[in-house]
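Each remark here refers to the structure printed beneath this line.
Protein chains in written order, with the numbering used here: chain L, 12 to 134; chain E, 12 to 134.
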């Protein structure tokens, strides 16, 4: 809480509208770091686009030339970052997107309305 | 170019609308990785919100308890990722945001309007 430009309304301090303070940057960096790996990006996109909003780990692992423990490790990092959630049902674990987290990142990366309008950016 | 879901119109394959293929994931991951550090996030936000759209390196360094070479290294990683651009004028280097890159990341993280929202999510 270094209070540099803390005029957000409790939601989404824009990355592009005012300098982040140290606390905000320290909170956000692990989220982006979790996305900074191609296997995790593919896992997240498979989970996010899964039928019914969830995907069984048994359907994720075969898509990669990686061991089950390696996939589990990447899934754990995505879960710890708050990007996905999991639920065990019987033998398998099912994963689903936490849309609030990706929404937040999208908001943070969206230019403020008073800057030159980005073509096609969602508000 | 593994061509799994390559139906984008040359712009922005949504991370959340269809599984990324390996090539897309390999291209995107370094961008997120570049953002996965609190110092780089702060640098990017300082640059993006700079008056006149640019910031002199001489104004960036004093904001951190870090050496000039360390700051330069972080700026280089942001530049290599295509998130910022730089121009030397006289003694100093000036940095500015590459808004197309952050726009692209924001688009990628924005849920498709026609997708069934995961549990409890506002559409």
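Glycine included, each C-beta is placed from N, C-alpha and C at the ideal position. Note that the coordinates shown come from a computational prediction; the quantities given were computed from them, not determined experimentally.
How many Å lie between residue 107 of chain L and residue 31 of chain L at the Cα?
For the purposes of this step, residue 107 of chain L is taken as residue 96 along the first chain, with counting starting at 1. For the purposes of this step, residue 31 of chain L is taken as residue 20 along the first chain, with counting starting at 1. Cα to Cα, the separation comes out at about 30 Å.
Would a C-beta distance cut-off of 9 Å place residue 54 of chain E and residue 85 of chain E closer than the cut-off?
Counting from one through the second chain, the residue named residue 54 of chain E turns up at place 43. Counting from one through the second chain, the residue named residue 85 of chain E turns up at place 74. In contact: residue 54 of chain E and residue 85 of chain E (Cβ atoms closer than 9 Å).
Straight-line gap, residue 129 of chain E to residue 34 of chain E (C-alpha atoms, nearest Å):
Start at 1 with the first residue of the second chain, and residue 129 of chain E comes out as number 118. Start at 1 with the first residue of the second chain, and residue 34 of chain E comes out as number 23. With a pLDDT of 48 at residue 129 of chain E, under the threshold of 50, the modelled position of this residue cannot be trusted, and the question is left open.
Below 9 Å on C-beta distance, what does residue 122 of chain L contact in chain E?
The residue labelled residue 122 of chain L in the question sits at position 111 within the first chain. The answer, in chain order, is 59, 108, 110, 113, 114, 117.
If the cut-off is 7 Å on Cβ atoms, which residues from the stretch 73-93 of chain L count as contacting chain B, listed in chain order?
Structure shown: chain B not included; protein chains present are L and E.
Exposed or buried, residue 78 of chain L, counting other C-beta atoms within 10 Å across all chains shown (16 or more means buried)?
Position 67 of the first chain, counting from 1, holds the residue named residue 78 of chain L. So residue 78 of chain L counts as exposed.
DSSP beta-bridge partners of residue 104 of chain E:
Position 93 of the second chain, counting from 1, holds the residue named residue 104 of chain E. According to DSSP, which records beta bridges pairwise, residue 104 of chain E is partnered with E:99.
Cβ shell of residue 105 of chain L (< 6 Å), same chain only, five flanking positions each side left out:
Here residue 105 of chain L corresponds to residue number 94 of the first chain, with the count starting at 1. Here the set comprises 65, 67, 98.
Residue-chain proximity (residue 101 of chain L, chain E), Cβ-Cβ < 9 Å
In the first chain, residue 101 of chain L corresponds to position 90, counting from 1. So, not an interface residue.
Just the C-alpha distance for residue 71 of chain L and residue 57 of chain L, rounded to the nearest angstrom, thanks.
For the purposes of this step, residue 71 of chain L is taken as residue 60 along the first chain, with counting starting at 1. For the purposes of this step, residue 57 of chain L is taken as residue 46 along the first chain, with counting starting at 1. Cα to Cα, the separation comes out at about 8 Å.
Span of the alpha helix (DSSP H) around residue 28 of chain L
Taking the first residue of the first chain as position 1, residue 28 of chain L is located at position 17. From DSSP, residue 28 of chain L is part of no alpha helix (DSSP H); its letter is neither H nor E.
Where residue 66 of chain L sits in the DSSP three-state scheme:
Residue mapping note: residue 66 of chain L aligns to position 55 of the first chain, counting from 1. Looking at residue 66 of chain L - three-state DSSP - the assignment turns out to be strand.
Residue nearest to residue 123 of chain L in terms of C-alpha spacing, selected from E:123, E:73, E:60
Numbered from 1 along the first chain, position 112 holds the residue referred to as residue 123 of chain L. Among E:123, E:73, E:60, the Cα nearest to that of residue 123 of chain L belongs to E:60.
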